[in-house]
Amino acid sequence: MLLIKHKINLSPIAGVGLFADEFVPKGTLVWQNNTDSELILPMAIFENMSPYMKDTFKHYGYHDKQTTEWKLPLDNSRFMNHSDAPNLMQDEQGNSIASKDIMIGEEICCDYSGFVDVKDYPFL
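This note's numbering puts the first residue of the sequence shown at 147, with every later residue one more than the last.
Rendered as structure tokens:
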């Protein structure tokens with residue numbers, strides 16, 4: 147669940163992205179791991195979904211490498227793009243913390259390889 151003011155806009159990384167709508171100091175909790183803000187599916191259900199729904203989960207969601215479940219964020223965090231030099235880092239509880247000061251208008255990015263099953267994301 148996102149905890150900061152944000153907006154969705156065109157992204158130079160990938161189509162649309164998530165952008166800070168307030169100054170976010172380094173160390174700020176930006177996204178909290180909260181199962182109430184995600185649709186969570188076991189692999190067996192995902193495998194029986196239509197190709198369209200599988201593509202939707204792959205594009206906006208992620209395959210959690212810890213639980214092996216597919217998760218689809220229900221908030222705007224689904225627009226967070228991957229970066230090899232992200233401005234968020236993951237803590238021990240799976241929360242996302244600002245790894246540097248994030249300026250208003252700056253795209254908020256994370257490193258997907260920290261929480262996804264990499265085989266589902268060939269670009270990593």
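Beta carbons are placed, not taken as given, at the ideal position from N, Cα and C, and that holds for glycine.
- Secondary structure in the segment 210 to 248: the beta strand (DSSP E) runs of 3 residues or longer, each lying completely within the stretch, are 216 to 219, 234 to 236, 242 to 244 in chain order.
- Our two residues, residue 150 and residue 196, have alpha carbons roughly 34 Å apart in a direct line.
- For the pair residue 238 and residue 254, the Cα-to-Cα distance works out to about 20 Å.
- Restricting attention to 172, 193, 265, 180, the CA atom closest to the CA of residue 221 is found in 180.
- Each residue's CA atom was taken as its position, placing residue 249 and residue 194 some 42 Å apart.
- Minimum Cα-Cα distance from residue 212 among the listed residues 245, 231, 260, 233 corresponds to 260.
- Secondary structure note for residue 186: its beta strand (DSSP E) is the uninterrupted segment 184 to 187.
- Assignment of beta-bridge partners to residue 165 by DSSP yields 153, 253.
- Excluding five sequence positions before and after residue 182, the CB atoms of its chain that fall closer than 8 Å to its own CB belong to 147, given in chain order.
- In this structure, 155 is the residue among 159, 173, 155 with its C-alpha nearest to the C-alpha of residue 167.
- Sorting 265, 251, 199, 233 by C-alpha distance to the C-alpha of residue 175 places 233 at the top.
- In this structure, 207 is the residue among 207, 169, 178 with its C-alpha nearest to the C-alpha of residue 218.
- At a Cβ-Cβ threshold of 7 Å, residue 203 and residue 216 count as neighbours.
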